[in-house]
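In the UniProt record's numbering, the protein residues as written are 1 to 183.
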């Protein structure tokens, strides 16, 4: 009975740890289309395409560096800055189109290129979107290039192992801008 209870506790802890990691919210990026509106003030409502520098302009408050903000965080910033001009403003920010969440596949795949991904797209899923590996691909030497804090990390990926159900942890979730290299 103790072993069974221990097993149940371990499974619950693993589940809770996974759920905590899944709460990461989408961060707005260049190219994304937002609709920003202020209730009862049409002059402050507009559709905005986030420019490459990530700085959006909004009436009354000027420029806002939205870089790495979530929709909720941007709404809070806008509400706080507008409070000086529009007391008790009710600001709504809606993400109309996600254009910044892309990953890339280069090398020996059937359809290399840029692909839109969601926040839970894995390496295998993106390779599938790219039409799979061509016959000349080196299945054991694939890697993912990821930019983190201005540095490029090389993450190894062995297609053959994952296909066989071995070492599945290397089938990581992709992030904005990841590049899968298939030699």
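Glycine included, each C-beta is placed from N, C-alpha and C at the ideal position.
Bear in mind the structure is a predicted one, so any value in this text is a computation, not a measurement.
Between the segment 170-177 and the segment 130-140 there are fewer than three C-beta pairs closer than 8 Å, too few to call the two in contact.
Excluding its 5 nearest sequence neighbours in each direction, residue 46 has C-beta neighbours in its own chain below 7 Å: 36, listed in chain order. Contact annotation: residue 156 and residue 170 have beta-carbon atoms nearer than 8 Å. Three or more Cβ pairs drawn from the segment 27-36 and the segment 46-62 lie within less than 8 Å of each other, which places the two stretches in contact. In the assembly as shown, residue 128 is an exposed residue. Its beta-carbon has fewer than 16 other beta-carbons within 10 Å.
Where residue 140 is concerned, there is no enclosing beta strand (DSSP E), because DSSP gives it neither an H nor an E. In this model, residue 180 and residue 103 are separated by some 8 Å (Cα to Cα).
Excluding five sequence positions before and after residue 25, the CB atoms of its chain that fall closer than 6 Å to its own CB belong to 70, given in chain order. With respect to the 8 Å criterion, residue 55 and residue 82 are not classified as neighbours on the basis of their beta carbons. Under the three-state reduction of DSSP output, residue 76 falls in the helix class.
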